[in-house]
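Enquirer:
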Amino acid sequence: MVRKDRRLNVLLITCDQWRGDCLSAAGHKEVRTPNADALAAEGVLFRQHYGGAAPCSPARACLYTGLYQMNNRVCRNGTPLDARHGNIALSARSLGYDPTLFG
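Written out as structure tokens, the structure is:
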């Protein structure tokens, strides 16, 4: 178990309504995203990630579970994720974090 005073601060931002190259940190020539760029400069920016499904809820289910859409069974927006599947939030909680999802 991770000691509380040794835990890293973790912020996972998932932007599924626009293309990944629509960040100036990712090389866009016209769009300016200074706040996102600052976060990317001090963290990790996934430059070659591809969504496992479309639209947004199935894509997030693939990302958060590590499962293909046919396995996690989230086939459209509004379909809840089956409680049998593990996900990144449950893993974080088991390490003493308090994950929050909003959007």
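Quick note: the sequence shown uses this note's numbering, first residue 568, plus one each step.
Ideal Cβ placement from N, Cα and C applies to all residues, glycine included.
On a predicted model such as this, the values are computed, not experimentally measured, just so you know.
(1) Enumerate in chain order the residues of its own chain whose CB-to-CB distance from V577 is below 8 Å, with the five nearest sequence positions on each side excluded.
(2) Excluding the 5 residues preceding and the 5 following D604 in the sequence, name in chain order all residues of the same chain whose CB lies nearer than 8 Å to its CB.
(3) What runs of the alpha helix (DSSP H), each 4 residues or longer, lie entirely inside the segment 577-649?
(4) Return the first residue and the last residue of the alpha helix (DSSP H) that L662 is part of.
Expert: Reading it off the structure:
(1) A659 and Y664
(2) L590, S591 and A592
(3) Segments of the alpha helix (DSSP H) lying fully in the segment 577-649: 601-609, 623-632 and 636-639.
(4) No alpha helix (DSSP H) holds L662; DSSP gives it neither H nor E.
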